[in-house]
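K.L.:
Residue numbers are given in numbering that gives the first Met the number 0: position 65 of the sequence shown equals residue 64, and the series is strictly consecutive. Glycine included, each C-beta is placed from N, C-alpha and C at the ideal position. It should be emphasised that the depicted structure is a prediction, and the values quoted were computed from it without experimental measurement.
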Amino acid sequence: MKNPVIATKFGKVKGKVGTDYLGGKYYSFQGIPYAKAPIGNLRFKAPQKLEPWTEEFNATKEGPSCPSSHIFFMTYTGKEDNCLNLNVYIKQVRKMILPLLLPLIDSFCGMYAYIAFSGNCRVLLENNNE
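#1: With a CB to CB cut of under 7 Å and the five nearest residues on each side skipped, what residues in its chain are close to K24?
#2: In this structure, how does DSSP classify N40 when only helix, strand and coil are distinguished?
#3: Compute the Euclidean distance between the alpha carbons of L101 and E61, then round it to the nearest angstrom.
#4: Between the alpha carbons of P63 and Q29, how many angstroms are there, rounded?
#5: Nearest to N2 by CA position, among F71, F56, S68, S67, is which residue?
#6: Which one of F71, F9, I89 has the shortest CA to CA distance from Y33?
#7: Assuming contact is defined by CB atoms lying nearer than 7 Å, are A36 and N81 in contact in what I supplied?
#8: Pick from I31, V92, R42: whose alpha carbon is nearest that of W52?
#9: What's the call for I114, buried or exposed, on a 16-neighbour Cβ count within 10 Å?
#10: What are the start and end residues of the beta strand (DSSP E) that includes A11?
#11: If we ignore side chains and look at the alpha-carbon of each, how far apart do Q91 and A6 end up?
#12: Opposite V4 in the DSSP bridges: which residues?
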């Protein structure tokens, strides 16, 4: 099946199709940046607004993970400061879903990214009416 491509206010994003453990189809868009990388003079500053991209963004694999300690094993994971990215998993590709989501990601990811242990923000959208 062809990889889905959607348009956001930042540019086009290419995802991939997957199969869940029940055999259902889902679409994933991984490693999508939601702010400028906090490197160089942006280190320890508030997240800066992302600039639109002109090339199609390849969102078929997870982005880099932020450095963090594992809650159980007391080891460190992630080695990148350029880690302000998210993963979105959806059942249907809808025209407006990601443009509406991106403004909400900053507060959502900040709250839940640590719980996922991977350092990446994951957003799962499911419509129970389908």
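P.N.:
Checking against the coordinates, here is how it stands:
#1: Locating residue 24 in the sequence shown gives position 25, counting from the first residue. Answer for K24: V16, T18, listed in chain order.
#2: Along the sequence shown, one-based indexing puts residue 40 at 41. The answer is helix: DSSP assigns N40 an H, G or I state.
#3: Translated into positions along the sequence shown, residue 101 becomes position 102. Translated into positions along the sequence shown, residue 61 becomes position 62. Because L101 sits at a pLDDT of 48, beneath the cut-off of 50, its placement in the model cannot be relied upon, and the following sentence gives the value as read from the coordinates. Their backbone Cα atoms lie some 17 Å apart in a straight line.
#4: Along the sequence shown, one-based indexing puts residue 63 at 64. Along the sequence shown, one-based indexing puts residue 29 at 30. In a straight line, the C-alpha of P63 is about 10 Å away from that of Q29.
#5: Position 3 of the sequence shown holds residue 2. Residue F56 is the option with its Cα nearest to N2.
#6: To locate residue 33, count along the sequence shown from 1; it is residue 34. That would be F9, whose Cα lies nearest to the Cα of Y33.
#7: Stepping through the sequence shown from its first residue, residue 36 is reached at position 37. Stepping through the sequence shown from its first residue, residue 81 is reached at position 82. In this structure, N81 lies closer than 7 Å to A36 by Cβ.
#8: Residue numbering aside, residue 52 sits at position 53 when the sequence shown is read from its first letter. Measuring from the Cα of W52, the nearest candidate turns out to be I31.
#9: To locate residue 114, count along the sequence shown from 1; it is residue 115. Residue confidence is low: I114 scores 36 on pLDDT, short of 50, so the model does not pin down where it sits. No coordinate-derived value is stated.
#10: On the sequence shown, residue 11 is found 12 positions in, with the first residue counted as 1. Per the sequence shown, the amino acid found at residue 11 is Lys instead of Ala. Run containing K11: 10–13, per the beta strand (DSSP E) assignment.
#11: To locate residue 91, count along the sequence shown from 1; it is residue 92. To locate residue 6, count along the sequence shown from 1; it is residue 7. Put simply, the backbone Cα of Q91 is about 15 Å away from that of A6.
#12: One-based indexing of the sequence shown puts residue 4 at position 5. K13, per the DSSP bridge assignment.
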